[in-house]
Amino acid sequence: MPTLLIENLPGGTVSVAKDSTLLKALQASGHDWLHACGGKGRCTTCRLEVIEGLAHLTPPTDAELRYQAAGRLLAHERLTCQTRLLEGTVRGRVPRATQLPHVQYSS
Ligand code: FES
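Sequential numbering from 658 applies to the sequence shown in my numbering.
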């Protein structure tokens, strides 16, 4: 199964089913992940900084393209509520700005 590996999140290796967004897969694995708008593509708090494997992800949605155009989402960042993993492994990190205060990140 495709795998999401979050480097700075303890236990951050998550299997992602084909019909699941990254956010849902993270939540199903018991991870607490910021998602202020409830996964509707109306904020950027659920974003993931992708280090490797961008090509394995579904193309950016209209919401992501709007945020990219507005400079609120960088080219190597994806909204976990909008994105699915097609194959292989994606490595990423939780951006410092969206880290939750009660979670112990490795950096
Ligand atoms: S939770 Fe708001 S855009 Fe993903």
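We put the beta carbon where it would ideally sit given N, CA and C, even for glycine.
Quick caveat: nothing in here was measured; it's all calculated off a predicted structure.
Quick check: the Cα distance between residue i and residue j, rounded to an integer number of angstroms?
i: residue 696; j: residue 712; result: 22 Å
i: residue 685; j: residue 664; result: 18 Å
With distances taken Cα to Cα, identify the nearest neighbour of residue i among the options.
i: residue 703; options: 735, 667, 758 and 747; result: 735
i: residue 714; options: 731, 726, 748 and 727; result: 748
i: residue 658; options: 664, 667 and 677; result: 677
i: residue 681; options: 720, 743, 758 and 737; result: 737
i: residue 705; options: 719, 726 and 669; result: 669
i: residue 733; options: 753, 709, 742 and 720; result: 709
Under a three-way DSSP split, which group does residue i fall into?
i: residue 691; result: coil
i: residue 755; result: helix
i: residue 723; result: helix
i: residue 705; result: strand
i: residue 731; result: coil
i: residue 743; result: coil
Are there 16 or more other CB atoms within 10 angstroms of the CB of residue i, so buried, or fewer, so exposed?
i: residue 692; result: buried
i: residue 716; result: exposed
i: residue 723; result: exposed
i: residue 750; result: buried
i: residue 739; result: buried
i: residue 744; result: exposed
So, does the CB of residue i fall closer than 7 Å to a CB anywhere in chain C?
i: residue 746; result: Checking the listed chains, one finds no chain C in this structure; it contains a single protein chain.
Problem - Sequence-ordered residues whose beta carbon comes within less than 5 Å of a heavy atom of the ligand FES - result: The set of residues whose C-beta lies within less than 5 Å of a heavy atom of the ligand FES reads, in chain order, 692, 694, 696, 698, 700, 703, 736 and 738.
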